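Engineer: Starting off with a structure, shown below.
Numbering (mature numbering (1 follows the signal peptide of the UniProt record, and there is no 0)), first residue to last: -33 to -1, 1 to 398.
See the structure below:
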């Protein structure tokens, strides 16, 4: 998430990402840093339906340049992890205006005193404005989620620990038609170590979100925490109750329910791992849940209190020294509490990678997704297939080629499309 690296159209972001990037410099000075990794990429992508329309398809070629930076500091008084990318694209036939691309994942913390630290995180993504529309530049906005605040941890004994945090956050969008927010939240967590392989605890959290529409959303939750590990299995999560209240003018809406999350991982053998994760939360569209969960997409053109439920299961397998396979199946539901408008998604994805030789590798994959919308009872189904080859010219220079096919079938004719695309790119590792 790197809005400081590019001039964005529409309203100007607050300089929260700048603060994050400055923190990277501070942290690098206070801890011995690992070398920064910087890569560049130049790609030409041809599409026979660049606007993803059901008829009167338009073909065009996008030329795109990207820079990607990764850095992680060594352990010390301060520590940080950064992954940032910046891109710029132009269309040969000018189907769209030139487009800026940016993303940033930053997490950092500094120890201020014994038990007291200050944390800062910043996440930036290009997200869809309206989930009913196709994924084109006209339907994207840039979402920046900034969070900072103190965390105090104190030992209550040999096996007990208390952690208290108070944080401030902001969510900003680059598009003027979306809703920004300020967030104030805190938590108190008690953790008890039962044994070398298990622990549990209790957490109380409060969250106040002020939207720039004038609405206020308050969320309180009380949860039990648990964690246990065995030689080949790990389980962790929380379960509890939560209440959410939204206010706009004189109107007040309340909802409550069970919330929590679960993560189960199991190593079948040395080359195969399976996992299952599930969560249910009461939140709003300006939260960072659509960043935490890859397959969750919020309709940011509408902001309200929501119930979010997600499930995902899958496996990772190393087939040999040169190939690996991954598979996942997911389902999620976004239920708007203030009004009708549930959105359900069910789907799956498969990816396969194989080294053909020391210089060439192959990759292939596909995914399927079924979406349903309660507001009008419509649904759609989408399929995507992709194949690619990489060829290593030298230690730092690599060529890649990809082809793909996408189809969406829908109850609404205006939502259907087919697309075939081809891309050629060159990658260079600077350091």
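Where is the CB? At the ideal position from N, CA and C, for every residue including glycine.
Note that this is a predicted model, so its numbers are computed, not measured.
Give, in chain order, every unbroken run of the beta strand (DSSP E) that is at least 3 residues long and sits entirely within the segment 9 to 74.
Structural biologist: For the segment 9 to 74, whole beta strand (DSSP E) runs of length 3 or above, ordered along the chain, are 27 to 39 and 45 to 58.
Engineer: Measuring straight from C-alpha to C-alpha, what distance separates residue 146 and residue 169?
Structural biologist: Cα-Cα distance, rounded: 33 Å.
Engineer: Comparing C-alpha positions only, which one of 115, 277 and 107 sits nearest to residue 84?
Structural biologist: It is 115 whose Cα lies nearest to the Cα of residue 84.
Engineer: What separation, rounded to the nearest whole angstrom, lies between the Cα atoms of residue 254 and residue 361?
Structural biologist: Those two C-alpha atoms are separated by around 43 Å.
Engineer: Is the segment 282 to 293 in contact with the segment 316 to 330, if contact means three or more CB pairs nearer than 8 Å?
Structural biologist: Yes: at least three Cβ pairs fall under 8 Å.
Engineer: From 280, 277, 238 and 328, pick the residue whose C-alpha is nearest to that of residue 286; which is it?
Structural biologist: Residue 286 has its Cα closest to that of 238, out of 280, 277, 238 and 328.
Engineer: With a threshold of 6 Å on Cβ separation, who are the neighbours of residue 352 within its own chain once the five nearest residues in sequence on each side are excluded?
Structural biologist: Closer than 6 Å at the Cβ level, and outside the excluded window around residue 352, lie 333 and 372.
Engineer: Could you tell me whether the segment 94 to 106 touches the segment 4 to 20, where touching means 3 or more Cβ pairs closer than 8 Å?
Structural biologist: With a cut-off of 8 Å, the segment 4 to 20 and the segment 94 to 106 count as touching, because enough Cβ pairs lie within range.
Engineer: The alpha helix (DSSP H) with residue 256 in it runs from where to where?
Structural biologist: Run containing residue 256: 256 to 259, per the alpha helix (DSSP H) assignment.
Engineer: Please state whether DSSP places residue 325 in a helix, a strand or coil.
Structural biologist: Residue 325 falls in the coil class under three-state DSSP.
Engineer: What separation, rounded to the nearest whole angstrom, lies between the Cα atoms of residue 304 and residue 340?
Structural biologist: Approximately 15 Å between the Cα atoms of the pair.
Engineer: Near residue -10, which residues of its chain fall below 8 Å by C-beta distance, leaving aside the five closest residues on each side in sequence?
Structural biologist: With a pLDDT of only 39 at residue -10, under 50, the local geometry of the prediction cannot be trusted, and the value read off the model is given with reservation. Hits under 8 Å: 38, 47, 49, 73 and 75.
Engineer: Compute the Euclidean distance between the alpha carbons of residue 125 and residue 45, then round it to the nearest angstrom.
Structural biologist: If I take the Cα positions, the gap works out to 26 Å.
Engineer: If you draw a straight line from the alpha carbon of residue 185 to that of residue 175, how long is it in whole angstroms?
Structural biologist: Spanning the two alpha carbons is a distance of roughly 5 Å.
Engineer: Name, in chain order, the residues that DSSP records as bridge partners for residue 178.
Structural biologist: DSSP output for residue 178 lists 148 as bridge partner(s).
Engineer: Would you kindly report the start and end of the unbroken beta strand (DSSP E) that includes residue 304?
Structural biologist: No beta strand (DSSP E) contains residue 304, which DSSP labels as neither H nor E.
Engineer: Answer with buried or exposed for residue 381, where buried requires no fewer than 16 other C-beta atoms within 10 angstroms of its C-beta.
Structural biologist: Classification for residue 381: exposed.
Engineer: Out of 387, 364 and 346, state which residue places its alpha-carbon closest to the alpha-carbon of residue 378.
Structural biologist: Nearest C-alpha to residue 378: 346.
Engineer: Taking Cβ positions, are residue 280 and residue 256 nearer each other than 8 Å?
Structural biologist: Contact: no.
Engineer: Any idea if residue 59 is buried or exposed, counting beta-carbon neighbours within 10 angstroms, 16 or more meaning buried?
Structural biologist: Classification for residue 59: exposed.
Engineer: Would you tell me roughly how many angstroms separate the C-alpha atoms of residue 251 and residue 172, rounded to the nearest one?
Structural biologist: Whole-angstrom Cα-Cα distance: 16 Å.
Engineer: Contact defined as beta carbons within less than 8 Å: I believe residue 199 pairs with residue 234. What is the distance between those atoms, to the nearest angstrom?
Structural biologist: So it is a contact: roughly 4 Å between Cβ atoms.
Engineer: Comparing alpha-carbon positions, which option in 227, 219 and 194 lies nearest residue 207?
Structural biologist: Closest option to residue 207, Cα to Cα, is 227.
Engineer: Just grab the DSSP bridge partners of residue 184 for me.
Structural biologist: Bridge partners of residue 184: 176 and 213.
Engineer: If you drop the 5 nearest sequence neighbours on each side, which residues of the same chain put their C-beta closer than 6 Å to that of residue 240?
Structural biologist: Closer than 6 Å at the Cβ level, and outside the excluded window around residue 240, lie 234 and 283.
Engineer: What are the partner residues of residue 165, as DSSP defines its beta bridges?
Structural biologist: In the DSSP output, where bridge partners are listed per residue, residue 165 has 162 and 195.
Engineer: Roughly how far, in whole angstroms, is the beta-carbon of residue 13 from the beta-carbon of residue 25, given that I think they are within contact range, below 8 Å?
Structural biologist: Rounded, the Cβ-Cβ distance is 12 Å, inconsistent with contact.
Engineer: Could you please give me the residues that DSSP links to residue 345 through a beta bridge?
Structural biologist: In the DSSP output, where bridge partners are listed per residue, residue 345 has 340.
Engineer: Quick check on the burial criterion: 16 or more other C-beta atoms within 10 angstroms. Buried or exposed for residue 94?
Structural biologist: Buried, since its Cβ has 16 or more Cβ neighbours within 10 Å.
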